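For the sequence shown, position 258 (counting from the first letter as 1) is numbered 258 according to the UniProt record's numbering, and the numbering increases by one without interruption. For reference, the structure is listed below as structure tokens.
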Amino acid sequence: MITTKFLNIPNIQQQSLLFANSISNRIKRKISVVFYITAFSTITGGILHLLMIGPELKPVNFPVEMLPYTDGLFILSGILQIFWCIPMIMRWGYKWYLSGLIGTIGLSLLLLITRIPNGITGLPLEDKNPMSLLTEISQLLFIGSTLTVIKYSKYMNITSRRSGSNIGQESKSSELRAKESEEDVIPKDKIYYRYSNCEDTIYLLKKLEYRININSRDSRLWITRGLALRQLGGNVEAIQSFDEAIKLDPTEVVAWYQKGLCLNILGKTREAMQIYEIAGLIKKSSQNQSSKSINVKIIVKELNNT
């Protein structure tokens, strides 16, 4: 198994950085619960809307001529609300969160409008159906949790931009010190160091995208892209970059190890441990034979059999 002994850096500044990263990781784990609460509330609201289709569960004084329009709205909103759990669980980004928030606020306002006298009967709807109340509660829960998610997303963007200018230099210092340790598995990456003094990590990513478009067969570019994304909190996207690097060079220990770190941050401890094991076996094999002759498929198969 690959150890993390190389993280024991005596430098006070580096220790502070590691402490800050650990706090950030705790926040990310806690915010994950909010994402799932948001997904649960929108699924619940969608199901309740679909269950209220038809005249049986409508208010006692509901205008019959409005039934087709109301049911059409319930069907559309129900399907969209159920679908909207996907952007929340997969964390598609700020635009999706904001769209879901605006749509749900619109539905809540429509429900509030029914509390005032309507133009057909001249009376407010007498809705005694408990599912209507549950629907409103689920929508309010979705609105509250989505606002938290949006606030968190904005905070992460601001934080990453403020700290971006220091990320490259701090990473360079950490990895140079780690190079002196026998447990180090992160060799010097020329591409990463070349752009370590960029204004911020966002700028680094833009540079990497340009380089990848020119030469997508360079595993170092994909690894560097993954490192930058991980620093910005985009662990899912970072894993995709490390996977691309592994496809190009299955013996790339750095890509395996960094993928394990991302999985661990996402709470997928068991998968992370397996990736660490693979990285450790590849490193051990590379010490005994030429890296070109290492068969990663055999290593993974042997690991699965243990």
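C-beta: ideal position from N, C-alpha, C; glycine also. Here the structure is a predicted model, which means the values were calculated and not measured.
Exposure label - residue i; buried when at least 16 CB within 10 Å
i           : result
residue 216 : exposed
residue 33  : exposed
residue 86  : exposed
residue 106 : exposed
residue 92  : exposed
residue 252 : buried
residue 76  : exposed
residue 65  : exposed
residue 94  : exposed
residue 10  : For residue 10, the pLDDT reaches just 34, beneath the cut-off of 50, and the residue's location in the model is therefore unreliable, although a value from the coordinates is still provided. Per the 10 Å Cβ criterion, exposed.
residue 299 : Only weak support is given to the placement of residue 299: the predicted model assigns it a pLDDT of 48, under 50, and the value that follows is read from those uncertain coordinates. That one is buried.
residue 204 : buried
residue 90  : exposed
residue 226 : buried
residue 327 : Here the chain covers residues 1 to 306 and nothing more, so residue 327 does not appear.
Alpha-carbon to alpha-carbon, residue j and residue i
i           : j           : result
residue 45  : residue 70  : 16 Å
residue 230 : residue 242 : 11 Å
residue 235 : residue 262 : 5 Å
residue 240 : residue 233 : 14 Å
residue 270 : residue 277 : 11 Å
residue 53  : residue 275 : 49 Å
residue 108 : residue 209 : 42 Å
residue 265 : residue 206 : 24 Å
residue 37  : residue 80  : 17 Å
residue 320 : residue 35  : What the structure shows of the chain is the stretch from 1 to 306, and residue 320 is not part of that stretch, so it cannot be assessed.
residue 102 : residue 135 : 16 Å
residue 315 : residue 145 : Any answer about residue 315 is impossible in this case: the structure gives the chain only from 1 up to 306.
residue 345 : residue 224 : The shown model of the chain, from 1 to 306, leaves out residue 345, and the question about it has no answer.
residue 273 : residue 42  : 34 Å
residue 55  : residue 141 : 27 Å
residue 31  : residue 228 : 21 Å
residue 132 : residue 48  : 8 Å
residue 98  : residue 88  : 11 Å
residue 214 : residue 221 : 11 Å
residue 100 : residue 284 : 49 Å
residue 314 : residue 82  : With the chain running from 1 to 306 in the structure shown, residue 314 is simply not present.
residue 68  : residue 218 : 58 Å
residue 267 : residue 260 : 11 Å
residue 73  : residue 202 : 41 Å
residue 149 : residue 244 : 29 Å
residue 254 : residue 279 : 8 Å
residue 78  : residue 137 : 15 Å
residue 96  : residue 130 : 30 Å
residue 312 : residue 111 : The question about residue 312 has no answer here: the residues shown for the chain are numbered 1 through 306.
residue 246 : residue 211 : 18 Å
residue 248 : residue 147 : 41 Å
residue 250 : residue 143 : 44 Å
residue 139 : residue 286 : 55 Å
residue 84  : residue 104 : 10 Å
Residue i - DSSP class collapsed to helix/strand/coil
i           : result
residue 52  : coil
residue 218 : coil
residue 266 : coil
residue 87  : helix
residue 249 : coil
residue 140 : helix
residue 232 : coil
residue 93  : coil
Below-9 Å beta-carbon distance, residue i vs any chain C residue
i          : result
residue 65 : Going by chain labels, chain C is absent from the structure shown, which holds only one protein chain.
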